[in-house]
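To get the numbering used here, take the position in the sequence shown, counting from 1, and add 926.
Glycine included, each C-beta is placed from N, C-alpha and C at the ideal position.
Predicted, not measured: the structure shown is a model, and the values here were computed from it.
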Amino acid sequence: MAEIKRIKEQLKRAFEKDAWHGPAVMEVLKGVTAQQAAARPIPNAHSIWEITLHISGWAGVLKSRVEGKWMDEPAEGDWPRVEDISPAAWEKTVKQLKIRHAGLQRAISKLTDKKLDKPIAKGKSTYYSSLHGIIQHDLYHAGQMAILKKGAQT
């Protein structure tokens, strides 16, 4: 199997399901209400909603980078504020996350293994490192959200 296909599979597992470590991002978000997403069961920690926006933003950044368009950070910022905590706004946030991740998967599909050792931009990390980085990023935040979800349910 080509390495790029392995990387895509790992990203899919980290985001959708069947991650080795435990629940993937979307498995953690399943059943989370807008109220739970906005809750702060741990003082001074980000909410599930904020983390969801953060993951979504960085999926969009990496998609742009893979497509050759450099972005330093998400257009909406690294940690966007949640202004509207309605169920409709939460649904929109989750939908945007899914759309951005699907776009990232499509962008990765256009890469070849030969590109993996090349820098994603001049003076920057390689495609390989960047792609593994987004997988690690998703898993790290999935763990945070799992803890916050438990705290918001009590």
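T1052 in three-state terms, based on DSSP: strand
When you compare the CB of G1059 with every CB in chain B, is at least one pair closer than 7 Å? Considering every chain present, this structure includes no chain B. It has just one protein chain.
On the CB-based measure, 16 or more other CB atoms within 10 Å of its CB, does E976 come out buried or exposed? buried
7 Å Cβ cutoff met for H947 and A985: no
Check this for me: beta carbons of G983 and E1002, under 7 Å apart or not? yes
Pair within 7 Å by beta-carbon distance, L1074 and P967: yes
For K956, count neighbouring C-beta atoms within 10 Å of its own C-beta (all shown protein chains included) and say buried if the count is 16 or more, exposed if not. exposed
Pick helix, strand or coil for P1000, following the three-state DSSP scheme. coil
At the level of alpha carbons, what is the spacing between K1050 and I1060? 15 Å
Nearest to W1007 by alpha carbon, out of T978, Q1079, R1032, S1035? Here residue 1007 turns out to be Arg, not Trp, going by the sequence shown. For R1007, the nearest C-alpha among the options comes from T978.
Rounded to the nearest angstrom, how far is the Cβ of I1011 from that of A971, given a contact under 8 Å? 17 Å between Cβ atoms; not a contact.
In this structure, does DSSP put P1045 in helix, strand or coil? strand
Output the distance between the C-alpha atoms of A1078 and I930, rounded to the nearest integer angstrom. 37 Å
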